[in-house]
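The structure under discussion appears below in the form of C-alpha cells.
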C-alpha cells in the first residue's frame, strides 16, 4: 500500500510538473499570437528553464526578436534552437533564417556551413542549393568575408588614464580598482592587472567575479598551476543561475588543463562548459585534444558537430585537415590546410599577430613547404607561429633546415644545434659547416649522423654540398672508412635517402 501510494505520488508530481511546463509554452504561444511579446518572452523563458533540451521556445523567441528588428538576438535565439531538439519543419525554418541572415551579412563561410547542415536534412531545397553555390563561389574567389557581427553587448570601457586619476583621488575604492584591473587586462598590461586582482582576491576570497578574472589572467600569462588553484576554489561557489560565469570558468579551467597536457581533466571541463552554454569553443577544444591523442576518427566527428554551429569554421576545418594527414589521407588534408593558409594570407599577407588557434595548421604547412622545397614560403609560415614546448624540437629542426636552404647558415646552425640526437639535424649541420668551409666540423657532424643512421654515409659520398672536400685525401679516406671504423669501402645496397625526406 505504501509503495503504491509513493509511486502514485511520483507520477502525480511528474504529471503536475509536465503540465506546468507545457502551460508555459501554451501561454507563451497565446501571448505571441496577440503580439504581447514581453509576456511571450517571459513564458518562453520559463519553458526553457524547465525544459532545457527543447529548442521550440527558442525558435519562437527568434521570431519575436526578428519582429522587434533586433536581428542580433534573433539569430542568437535561432542558433540556440537548432542546437537543441526541434521537429524537422521547425529545424528547416530556423536554419533557413540563419542562412539568409548570414547571406545578407556576406558571411559566406557561415552560409556554406549552415547550408550543408540544412541540405543534409532536406537535399531538395533548390533555393538553399543556389545560395550555397553562390556563397562557395564568392568564398573561394576571395569574396568579402567577415566574422559574424552578432555578439553580446559590452559596456564601453573607461580609459586607463581616467581610472588612474580617479584612483589617485580615492585609492581604496574597490569599484575603481576592479574597473582599472579590467582596463589593464584589456590593454594587455597584465603585470599591473595582476597586482590589483591579487589584492582584490586576497581581501574578498568569496567574490567569484574577482576569482574568475584573476584565474583567467594567470592562464593568459602561463601560470597554469596557480590559475587552477584559484578557479577550482571559486567554481563550486558560483550559483547555478550564473550560467555565463560558469561557462567561462569551466572554459578557462579546460584551457589551463589543456596547456598542462592533462587531457582527461581538460575534456571534462570542456564538456562542462558546453553543458553550460552550447557554443562552438568547447567543441574546438575537444577536437584538438582528440587530434593530439591521435584519435582522429572521433576528432573528425567532433569537428563535424562543431561545424554545425556555423562559427569559427576555418579553425575547425584546419583540424579536419590535420586529422586527414594523420590517418594517411595526406593529399586531401594538405589541400584543405593550403586552402585555409591561402585564405589567411589574403586577409593578413604578412601573417602578423596570427591568432594561436592557427599555429598547429600553419606549423604543419611550414614543414610541408620545407619538404617540398618552397623555402621562402616555409620561412614566412615558421615566423608566424610560436610553438609550444612539445613541438619545439620539430620546430627547430624544420626551421633550421629552411634557413640552410634560404642561405641563412648561421641562423640554421643556431636552431639545428638545439636538436639533440637527431641524425637528420646532424647531417644538416654538416652541410652548414661545409657552406662555411669548415672541413673539421663538417666531418664531425657527418660522423655523428652516420653513427645514428648509416645511410647518411652513402648520402655524404654523393651530396653536392661536400664536393669541395672530395679532392682532399683525408676527407675521401674519412668517408670510405666510415671515420676509421672500416678497413676499406664496402659495397652496400643501402638505400640512399635524400635529406629532403629526413625526419627528426
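In the numbering used here, the protein residues as written are 90 to 593.
Using N, Cα and C, we set each Cβ at its ideal position, and we do this for glycine too.
Model, not experiment: these values are computed from the prediction.
#1: Please confirm whether residue 299 and residue 338 have their CB atoms less than 7 angstroms apart.
#2: Is residue 566 helix, strand or coil by DSSP?
#3: So, is residue 50 buried or exposed, given that buried needs 16 or more other C-beta atoms within 10 angstroms?
#4: Enumerate, from N- to C-terminal direction, the unbroken alpha helix (DSSP H) stretches of 4 or more residues contained entirely within the stretch 438-509.
#5: Could you say which of 508, 498, 425, 477 lies nearest to residue 485 if we only look at CA atoms?
#6: Would a C-beta distance cut-off of 7 angstroms place residue 143 and residue 174 closer than the cut-off?
#7: Per DSSP, which residues does residue 174 bridge with? Please list them.
#8: Between residue 180 and residue 203, what straight-line distance do the alpha-carbon atoms span, to the nearest angstrom?
#9: Could you spell out where the alpha helix (DSSP H) holding residue 347 opens and where it closes?
#10: Residue 536 to residue 572, Cα distance in whole Å?
#11: Along the chain, where does the alpha helix (DSSP H) containing residue 424 start, and where does it finish?
#12: Does the beta-carbon of residue 574 have 16 or more other beta-carbons within 10 angstroms, so that it is buried, or is it exposed?
#13: Output the distance between the C-alpha atoms of residue 249 and residue 260, rounded to the nearest integer angstrom.
#14: Excluding sequence positions up to five away, which residues of its chain have a Cβ less than 7 angstroms from the Cβ of residue 293?
#15: Give me the Cβ distance between residue 116 and residue 132, rounded to the nearest whole Å; I'm assuming they're in contact under 8 angstroms.
#16: Taking just the CA atoms, how far does residue 523 sit from residue 398?
#17: Please report the Cβ distance between residue 469 and residue 498, rounded to the nearest whole angstrom; I am assuming they are in contact, meaning their Cβ atoms lie under 8 angstroms.
#18: Go through the stretch 277-327 residue by residue and report every complete run of the alpha helix (DSSP H) that reaches 4 residues or more, in order.
#19: Alpha carbon to alpha carbon, how far is residue 455 from residue 129?
#20: Exposed or buried, which one is residue 275 when buried takes at least 16 other CB atoms within 10 Å?
#21: Can you give me the C-alpha to C-alpha distance between residue 353 and residue 380, rounded to a whole angstrom?
#22: Do residue 473 and residue 425 count as a contact pair if the criterion is CB distance below 7 angstroms?
#23: In whole angstroms, what separates the C-alpha of residue 220 from that of residue 214?
#24: Which of helix, strand or coil does DSSP assign to residue 539?
#25: Kindly give me the distance between the Cβ atoms of residue 559 and residue 565, rounded to whole angstroms, as I take these residues to be in contact under 8 angstroms.
#26: For residue 242, I'd like the list of residues in its chain whose CB is within less than 7 angstroms of its CB, leaving aside the five on either flank, ordered along the chain.
#27: With DSSP as the reference, label residue 113 as helix, strand or coil.
#28: Which residue's Cα is closest to the Cα of residue 171: 568, 423, 149?
#29: Report yes if the C-beta distance between residue 334 and residue 362 is below 7 angstroms; otherwise report no.
Taking the coordinates as given:
#1: Contact flag unset, no.
#2: helix
#3: In the structure as shown, the chain begins at 90 and stops at 593. Residue 50 is therefore absent and cannot be evaluated.
#4: 448-460, 464-472, 481-494, 498-505
#5: 508
#6: yes
#7: 143
#8: 11 angstroms
#9: 332-348
#10: 7 angstroms
#11: 419-436
#12: exposed
#13: 15 angstroms
#14: 299
#15: Contact holds; Cβ gap of about 5 angstroms.
#16: 54 angstroms
#17: The pair is not a contact, with the Cβ atoms about 19 angstroms apart (cut-off 8 angstroms).
#18: Correct list: 279-292, 297-309, 313-323.
#19: Distance from the CA atom of residue 455 to the CA atom of residue 129, rounded to whole angstroms, is 54 angstroms.
#20: exposed
#21: 14 angstroms
#22: no
#23: 10 angstroms
#24: helix
#25: 6 angstroms
#26: Here the model assigns residue 242 a pLDDT of 36, short of 50, so the residue's position is not dependable and the matter cannot be decided.
#27: Residue state, collapsed to three classes: helix.
#28: Closest option to residue 171, Cα to Cα, is 149.
#29: no
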